[in-house]
Amino acid sequence: MASITEKAGTSSGKPGVEALLERFRAIIGLAPPTSHGTATTRFGNNIFVTSPAPSGGFIELQADVAHQVSRQGVLVDAILELKSVLNLQIGEAYQLFDLDKSQASRLRRQHRTLDAAHTAKVLRAMELTALATEVFGSEAAAAQWLKKPHPLLAGESPLQYAVSEFGTGKIKNILVAIRYGGVV
Numbered sequence: 027m028a029s030i031t032e033k034a035g036t037s038s039g040k041p042g043v044e045a046l047l048e049r050f051r052a053i054i055g056l057a058p059p060t061s062h063g064t065a066t067t068r069f070g071n072n073i074f075v076t077s078p079a080p081s082g083g084f085i086e087l088q089a090d091v092a093h094q095v096s097r098q099g100v101l102v103d104a105i106l107e108l109k110s111v112l113n114l115q116i117g118e119a120y121q122l123f124d125l126d127k128s129q130a131s132r133l134r135r136q137h138r139t140l141d142a143a144h145t146a147k148v149l150r151a152m153e154l155t156a157l158a159t160e161v162f163g164s165e166a167a168a169a170q171w172l173k174k175p176h177p178l179l180a181g182e183s184p185l186q187y188a189v190s191e192f193g194t195g196k197i198k199n200i201l202v203a204i205r206y207g208g209v210v
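If you're matching positions, the sequence shown starts at 27 in this note's numbering and goes up one per residue.
Shown next as structure tokens:
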């Protein structure tokens, strides 16, 4: 699988995915990749150097980087970016991440980050949005699929089902089956 920190275009070559990855990298504070595809990102005292995975793979946030981002937290702006990409109402976006409007407003006004649990949900949603964009070819098609209730997910939408890492894994399996064919 390719990394969300890999050189834009290495995994799919689709401009929509490249632009989406750039926006997600910027919003969570990841360094852009160099011309060689590597990126160096610092979180506290930790420095992560990531390199591109073989082309043709899926996009994912590398575990060590995701762990550090989760611990550091992301700003509420990350939810607002997902709201925009997924064409959600503000209330829907906050509900998706179990955040009420007053709490989100307070965090945003004070420039405070989300806690680890909320940040992990945001990262999972970003990862799934990038994967779905790669599979379906556009942000609009990905957003439609991610918001539509799915029969393999007990009638929930993929975004609703992704509240846990287990649910996210199942959605990734469905996306792999859609992309390459196969059984879920």
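Every residue, glycine too, gets a C-beta built ideally from N, C-alpha and C.
Check                                                                      : Outcome
Three-state secondary structure assigned by DSSP to N113                   : coil
C-alpha gap between A142 and R97, whole angstroms                          : 5 Å
Closest residue to F162 among L178, I200, R150 (Cα-Cα distance)            : I200
C-alpha gap between E107 and V210, whole angstroms                         : 30 Å
Distance between beta carbons of A169 and N113, contact taken as under 8 Å : 5 Å
Distance between T155 and F110 (C-alpha atoms, nearest Å)                  : A small fix is needed here, since residue 110 is Ser in this sequence, not Phe. About 12 Å.
F123, DSSP secondary structure in three states                             : coil
For K196, the first and last residue of its enclosing alpha helix (DSSP H) : 191–206
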